[in-house]
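Reading through the structure tokens given below for one structure.
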Amino acid sequence: MNAPYYPLVPSAISKHKLLTIGAYIATLIFTIFFFLIIEILDHTIHNAFKADQLTGSQILGAFTRQLSFSGRRYNKIYTTISAQTLCNSAVTYFKPEQSNIINLISNEPGEGKSYIMEQISQQFTERGFDVTRLSWQNEFQTDAQAFIQSFNLEDLDSDEKSNLKDKVVIVEYPSLRDAALIANILQNVSLNLQIVDSRRTWKDTDQKIFERTRKMSGNIPLFLVLNYTKRDAAEDVNGLMPPYSFLRKLVYRIVQLGLTANDKTYEQKTNH
């Protein structure tokens with residue numbers, strides 16, 4: 361038999377190289393589709409896109425979750441920015457002929473109504489409004505439904521008409537899981553805000569309750585306010601938030617498709 365013959369140089373592209381390249385491409389495609397499927401099937405309202413997709417409603421405000429370690433120094437700044445943005449939007453729905461009443465409602469207890477009421481109350485007070493806070497937790501009724509049945513919105517309009525435009529009444533109601541609201545409460549106000557914990561699942565029962573609330577609200581606006589969101593999700597509502605580093609501004613422009621924008625606005629924020 362003849363002696364074996366070995367090639368002096370390897371072939372340009374071997375099967376091993378093709379298999380390796382194919383494995384990398386297949387892994388990349390699988391990873392992309394995996395996260396896309398999770399994003400599509402996920403029923404968590406963690407940003408404005410998911411809110412529109414799951415509820416068909418807009419977000420009027422977003423409050424970030426408390427950061428730890430190096431980011432905790434921004435917690436107070438993030439809360440202030442979120443409260444300012446929400447108050448700026450809420451003022452546009454105020455009416456001079458009646459008290460500016462804002463309802464805070466939620467489907468589940470513990471979604472942050474008391475926390476948000478405290479933050480926006482402080483903002484309205486700093487702007488010169490006479491703020492009144494009413495919470496079912498501070499009333500003598502132990503039953504949540506008893507608070508709703510005994511609550512009378514007409515008592516809030518007893519002041520002179522000239523003073524109503526400078527008055528803001530923020531009412532915190534029990535969760536809709538524990539009590540049912542009535543149409544009169546939702547319609548004789550300036551604004552209804554549904555507080556949602558962005559970390560929990562938005563179930564079919566939540567959507568049914570929300571649809572019923574929106575129907576009972578009539579012509580009064582009903583918006584979502586996300587609580588405990590990530591910073592990136594809050595920036596979809598509040599704009600770029602600190603720190604205003606070059607890398608964060610660059611990423612924010614790319615996400616917002618502002619590839620040719622300048623940084624003058626962000627530089628002014630940083631200087632202030």
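Counting from 1 along the sequence shown, just add 360 to a position and that's the residue number in my numbering. We put the beta carbon where it would ideally sit given N, CA and C, even for glycine. Please read these numbers as outputs of a predicted model, since none were measured by experiment.
Residue i in three-state terms, based on DSSP
i      : result
GLN483 : helix
LEU617 : coil
GLN444 : helix
GLU468 : coil
ILE545 : helix
SER522 : Residue placement at SER522 cannot be trusted, given a pLDDT of 49 that sits under 50; the coordinates are not used to answer.
GLU457 : coil
LEU584 : strand
ASN498 : helix
Backbone CA spacing between residue i and residue j [nearest angstrom]
i      : j      : result
GLU595 : THR404 : 18 Å
SER554 : TYR612 : Before going on, a small fix: residue 554 reads as Gln here, not Ser. Taking the straight line from one Cα to the other gives about 28 Å.
ARG559 : LEU427 : 15 Å
THR620 : ILE441 : 26 Å
LEU378 : LEU388 : 15 Å
SER522 : GLN616 : Interpretation of SER522 is limited by its pLDDT of 49, a score under 50 that renders its predicted location unreliable; no figure is taken from the coordinates.
GLN497 : GLY599 : 34 Å
TYR366 : LYS609 : 58 Å
Proximity to residue i [Cα-Cα], best of the options
i      : options                           : result
VAL491 : LYS525, GLN497 and ILE385         : LYS525
SER550 : LEU464, LEU427 and ALA383         : LEU464
ALA450 : ILE461, SER430 and LYS375         : ILE461
GLN418 : GLY472, MET361 and VAL585         : VAL585
GLN483 : PRO602, GLY470, GLN497 and VAL528 : VAL528
PHE454 : ILE530, ASP412 and SER558         : ILE530
VAL636 : VAL615, GLU457 and ILE476         : An answer regarding residue 636 cannot be provided, because it is not within the stretch 361 to 632 covered by the chain.
ASN634 : ALA383, ARG591, GLN444 and ARG608 : There is simply no residue 634 to check, as the chain begins at 361 and stops at 632 in what is shown.
Q | Ordered list of beta strand (DSSP E) runs contained in the stretch 364–438, each at least 3 residues | A | Counting only runs of 3 or more, we get 419–424.
Q. Are at least three pairs of beta-carbons, each pair with one atom in the stretch 529–544 and one in the stretch 446–465, less than 8 Å apart?
A. Below 8 Å, enough C-beta pairs join the stretch 529–544 and the stretch 446–465 to call them touching: three or more.
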